[in-house]
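One structure below.
In the numbering used here, the protein residues as written are 1 to 217.
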């Protein structure tokens, strides 16, 4: 499974708050059981993702990525933050765990109008194609899968060559009665497992009772 995490770190907060938020992001990532892609506006500058400038935040993010073994997915040095009359920067960073990073292709900054000071970023995840494996199911003369027939033959309620006899299974009335008995007994019983064993034994006896045959019609 791959997790996608969107990040925004405000440029107006001090370095202590910035570090705390990175620590919080680290805690979240450590909870994930799978591959992770972290992307967003970190408001941090470093040559690690193509910036010509370097600041303290950039060092913090670089250390954060190295500690979590995250790979910087940014390629090139095209600015992601653009504002008229202001310097352009690369503030938007994409990071990924090692396995998913190898699957990232064509990471680019789009030049299309975004309606924001930040340009859109596009990349693709290349998933290896899998070849479907066909399995041949062996069937007996009746058309039933052989594996199913084998399992049924081991069922105490089933005779070879005959369907399951539903009359030997507990009736709905009997099941309802035992359910009430179970619900009442469990809160009171000191040893619930023994009660469960008794009820299971009643539901599925090792030697099912034989059907009564009418002697006279």
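Glycine included, C-beta positions come from ideal geometry on N, C-alpha and C.
For residue i, three-class secondary structure by DSSP
i: residue 27; result: helix
i: residue 80; result: coil
i: residue 12; result: coil
i: residue 46; result: coil
i: residue 18; result: helix
i: residue 75; result: coil
i: residue 5; result: strand
i: residue 104; result: strand
i: residue 52; result: coil
i: residue 63; result: helix
i: residue 96; result: strand
i: residue 58; result: helix
i: residue 113; result: coil
i: residue 41; result: strand
i: residue 89; result: strand
Anticipated Cβ contact below 8 Å, residue i with residue j, distance rounded
i: residue 77; j: residue 93; result: That belief does not hold up - the Cβ atoms of residue 77 and residue 93 are roughly 13 Å apart, past 8 Å.
i: residue 36; j: residue 25; result: Going by Cβ atoms, the distance from residue 36 to residue 25 rounds to 10 Å, so no, they are not a contact pair.
i: residue 19; j: residue 60; result: 6 Å
i: residue 69; j: residue 98; result: 6 Å
Residue environment, residue i, which counts as buried when at least 16 other CB atoms sit within 10 Å
i: residue 85; result: exposed
i: residue 65; result: buried
i: residue 100; result: buried
i: residue 127; result: exposed
i: residue 4; result: exposed
i: residue 109; result: buried
i: residue 58; result: buried
i: residue 44; result: buried
i: residue 166; result: Confidence in residue 166 is poor, its pLDDT being 42 and thus under 50, which makes the residue's placement unreliable; the coordinate value appears in the next sentence. Exposed, since its Cβ has fewer than 16 Cβ neighbours within 10 Å.
i: residue 142; result: Caution applies to residue 142, whose pLDDT of 46 falls short of 50 and renders its modelled position unreliable; the model cannot decide the point.
i: residue 135; result: Because the pLDDT of residue 135 is 40, which lies under 50, any placement of that residue in the model is unreliable, and the number read from its coordinates should be weighed accordingly. Flag for residue 135 reads exposed.
Whether residue i touches residue j by CB criterion (7 Å)
i: residue 118; j: residue 81; result: yes
i: residue 79; j: residue 62; result: no
i: residue 95; j: residue 52; result: no
i: residue 227; j: residue 40; result: Because the chain here runs from 1 to 217, residue 227 falls outside it and cannot be looked at.
i: residue 9; j: residue 32; result: no
i: residue 56; j: residue 107; result: no
i: residue 1; j: residue 34; result: yes
Counterpart residues of residue i in DSSP-defined beta bridges
i: residue 124; result: 105
i: residue 70; result: 97
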